[in-house]
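This report concerns only the one structure given below.
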Amino acid sequence: MTSMFAERISDALREAAAELGAAVPSVRLDRPRDTSHGDLASNIALTLAKRLGRPPREIANDLRDRLNGLEGVERIEVAGPGFLNFFVEAAVVGGTLHTILASRDDYGRSDEGAGRRIMVEFVSANPTGPLHLGHGRQAALGDAIAALLEWSGWQVHREFYFNDAGAQIARLAESVWARYQQLLGHDTPVAENGYQGEYVSEIAAAFRDTVGGVHEGDHGPEATEAMRTFAVGMLRDEQKRDLAAFRVRFDEYYPETRLYSEGRVDDTIRALDETGLTYQEGGAAWLRTSRFGDQKDRVMVKSDGSPTYFLPDVAYHMGKWERGFHEVVNVQGADHHSTVDRVRAGLQALGRPRGYPEYLLHQMVTVVRGGEEVRFSKRAGSYTTLAELVSEVGADVARYFFLMRRPEAHLTFDLDLALDQSDRNPVYKVQYAHARLCSLLELARTQFGDAAEAVASADTSLLGTAAEREVINQLAEFPAFLARATSARAPHLICDYLEKTAGLVNSWYQTGHPTRDPSARALVADPALRAARLALAGAARIVLHNGLAVLGLTAPERMER
RNA sequence: GUCCCCGUAGCUCAGAUGGAUAGAGCGACUGCCUCCUAAGCAGUAGGCCCCAGGUUCGAGUCCUGGCGGGGACGCCA
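Quick note: to get the numbering used here, add 66 to the position in the first sequence (first position is 1).
Rendered as structure tokens:
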């Protein structure tokens, strides 16, 4: 049924409660797990029992009597300890289908965000190596959250921040330098704390192919700088390619060096000094971040005169605010959680609000292959890359795997399951249900010539079986699930929803199997009933399609084995 | 030592603001192709929801204290 209809019921409930002497701000209606408990249920009588000093069942009976004759409601039952169960007329239930069919690709969208701007910053990998599976989880998560926000009416900016200078990059340049000299026949081992991955040699080879041997034996600053620029450019290109293959795009890539070249870091030091919250100790400049909930004060400028990472971080986020992003979601690995309080404290010192920016910290990814854990270490260069994974299982499966778990739960990525048993993958179940509905609708066109108009004007009150009602009620909940997944920053709720929906659709579909009940099939001879069932099929297809779209997955019209 | 996350079926995990008989997938077992696609469906087995207190009509969910696992606590990034 439409949400408007559910709202009417909850309004009526609220009025009735007020008449009993208990004003409540809003009444929540649930869809009962058990279909014998009706289409909608309320526990309001239970929650009011204490306030009214009366047994909940008595209150429930009272409320029911006041609600009798509500339009579209077939009957109301009082059940269990005092639940009110609403049984809705078939016409109202079926009416949902017309809402969905009319909204099509927009079904589920809302204007909650009212066009306000919001930034989602995610991945933000440093260009020191190819993206690994941890980045993959973050790419899938950030992109899905961004899409959810767009569906809720926000204007979303996807941003990727990267450190293109600093010690790690210097280390990368040194490693490339060593490999480059090796290619020219010198015995120059890569430093122990350097990057050992094979990709470093590839970069060195490409560099040699580009410039030849002009830097042979040359360890001067120009040589290192040339290799740094070359390596960063090459790795960034590779990361962009990997992300493109994963179907993740960014509106902006923001380099750390820009914070320095635009003077933002110096500005931030000045601004912080002006607050009077900074002090000198041991030759370093400190900020009293402990004033704002950080566990201890932090160094902003080291005794050697160089800034700690904290400073550009604050400068970067001040920049976000100044660019007009007063709502920001930072998607980061949980290993960054110690920086959260610090950065927020710095921003608070500069007058930004307490909770700015919002952080979504996700737990790490453990990779399991052949029953044992695959340790991935950037240093050793022995980790599984996102590109490898995507080329083996495809972007759809990879994205779904990364999204199906709550962000704050540890993710065990079983490569054997993803690679070898992909047939049993939940994503295929959802996509298959979609493809099946597509071919059902196609058959209706070719065999019966059923036009879209016939379906659009179908009498959906003909859909009265338990399986049909259950599917329709499930479809009706899609917008609510989207809203919840958005506000909770929890795309996995959509995975759960899609699997449940696909299951109900498949179940409904199978009841019409020739060996079971041919009269329950969709393509029956009776044109009116056929149109009604095709309306259900069409609406279900739309919901599956839209749900997959929000998660960044394709919705194939057919599945080939 | 302090902080964050997790602990639910054999395995991997869902269970929003406390509500009716705790769910799914995988694995095990039993059925179902007379074809709108069986990558599916129906069913069976499998649970002291880590432990102990507390809050209340009611706790997997909230509070306190433990136990176990992971992560973070730099003038690293």
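Built from N, CA and C at the ideal position, the CB exists for glycine as well.
Since we're looking at a predicted model, the values are computed, not measured.
N- and C-terminal bounds of the alpha helix (DSSP H) containing residue i
i: Gln-204; result: 199 to 217
i: Leu-481; result: 481 to 485
i: Arg-330; result: 330 to 340
i: Val-571; result: 558 to 577
i: Glu-140; result: No alpha helix (DSSP H) holds Glu-140; the beta strand (DSSP E) holding it covers 139 to 145.
i: Ala-126; result: 122 to 133
i: Val-256; result: Where Val-256 is concerned, there is no enclosing alpha helix (DSSP H), given that its DSSP letter is neither H nor E.
i: Val-521; result: 518 to 522
i: Asp-379; result: 376 to 388
i: Thr-552; result: 544 to 553
i: Asn-612; result: 593 to 616
i: Gly-232; result: 232 to 249
i: Gln-262; result: Note, Gln-262: premise wrong, no alpha helix (DSSP H); not H, not E.
Which listed residue (the options) has its alpha carbon closest to that of residue i
i: Met-384; options: Gly-342, Leu-427, Thr-344 and Ala-337; result: Ala-337
i: Ala-453; options: Lys-306, Val-222 and Arg-245; result: Lys-306
i: Asp-370; options: Arg-130, Ala-351 and Leu-477; result: Ala-351
i: Val-186; options: Ala-84, Val-144, Val-367 and Gln-398; result: Gln-398
i: Arg-170; options: Phe-544, Glu-340, Cys-561 and Thr-567; result: Phe-544
i: Thr-567; options: Leu-503, Leu-509 and Leu-595; result: Leu-503
i: Val-314; options: Phe-188, Gln-346 and Ala-239; result: Phe-188
i: Ala-598; options: Arg-410, Leu-528, Arg-117 and Asn-151; result: Leu-528
i: Asp-100; options: Ala-83, Ala-72 and Gly-146; result: Gly-146
i: Ala-603; options: Leu-95, Glu-474 and Ala-501; result: Ala-501
i: Arg-418; options: Lys-368, Ala-381 and Ala-400; result: Ala-381
i: Asp-562; options: Ala-292, Gly-530 and Tyr-466; result: Tyr-466
i: Asp-412; options: Thr-432, Leu-427, Arg-435 and Thr-374; result: Checking the sequence, you will find Gly at residue 412 rather than Asp. It is Thr-374 whose Cα lies nearest to the Cα of Gly-412.
i: Val-159; options: Gly-119, Val-277, Ala-72 and Asp-230; result: Ala-72
i: Asp-177; options: Thr-552, Gly-618 and Pro-122; result: Thr-552
Which residues DSSP lists as bridging residue i, in chain order
i: Glu-187; result: Glu-225 and Asn-396
i: Thr-451; result: His-198
i: Val-154; result: Val-139
i: Arg-364; result: Leu-353
i: Phe-312; result: DSSP, once it has assigned bridges, lists no residue as partnering Phe-312.
i: Asp-407; result: For Asp-407, which the question treats as bridged, DSSP gives no partner whatsoever.
i: Leu-477; result: Val-431
i: Pro-580; result: DSSP lists no partner for Pro-580.
Neighbourhood of residue i by C-beta, 7 angstroms cutoff - its chain only, sequence neighbours within 5 removed
i: Gly-578; result: Pro-584, Ala-586, Arg-587 and Ala-588
i: Val-456; result: Ala-311, Phe-312 and Ala-464
i: Ser-505; result: Arg-624
i: Ala-532; result: Thr-101
i: Thr-355; result: Asp-363, Arg-364, Arg-408, Ala-411 and Gly-412
i: His-476; result: Gln-429, Met-430 and Thr-432
i: Gly-348; result: Ser-369
Span of the beta strand (DSSP E) around residue i
i: Thr-344; result: 344 to 347
i: Pro-321; result: 318 to 321
i: His-428; result: 424 to 428
i: Arg-435; result: 431 to 435
i: Leu-106; result: 106 to 108
beta-carbon residue i near the ligand FAD non-hydrogen atom, thresh 7 angstroms
i: Glu-534; result: Ligands are entirely absent from the displayed structure, and the ligand FAD is therefore not among its contents.
Residue i and residue j closer than 8 angstroms at C-beta
i: Leu-570; j: Leu-214; result: no
i: Phe-153; j: Arg-141; result: yes
i: His-164; j: Thr-526; result: yes
i: Gly-174; j: Trp-217; result: yes
i: Leu-129; j: Ala-89; result: no
i: Ala-239; j: Thr-290; result: yes
i: Thr-450; j: Leu-301; result: no
i: Thr-393; j: Arg-182; result: Going by the sequence as given, residue 393 is Glu instead of Thr. Result yes, Cβ atoms of Glu-393 and Arg-182 sit closer than 8 angstroms.
i: Gln-429; j: Ala-400; result: yes
i: Val-298; j: Ile-335; result: no
i: Glu-268; j: Pro-196; result: no
i: Gly-202; j: Phe-468; result: yes
i: Tyr-246; j: Ser-190; result: no
i: Thr-162; j: Ile-538; result: yes
i: Ala-524; j: Ala-591; result: no
i: Asp-230; j: Pro-321; result: yes
i: Thr-254; j: Ala-244; result: yes
Close-in-space but distant-in-sequence residues of the same chain around residue i (CB under 6 angstroms, 5 per side omitted)
i: Gln-497; result: Pro-622
i: Tyr-345; result: Trp-352
i: Gly-208; result: Val-186, Phe-188 and Val-397
i: Arg-555; result: Ile-211 and Leu-426
i: Ala-605; result: Leu-163, Ile-166, Leu-167 and Leu-541
i: Met-70; result: none
Chain-order list of residues whose beta-carbon lies under 8 angstroms from that of residue i (same chain, five-residue window excluded)
i: Gln-576; result: Arg-582
i: Leu-39; result: What is shown of the chain runs 67 to 627, which leaves residue 39 out entirely.
i: Leu-614; result: Val-496, Gln-497, His-500, Leu-564, Thr-620 and Ala-621
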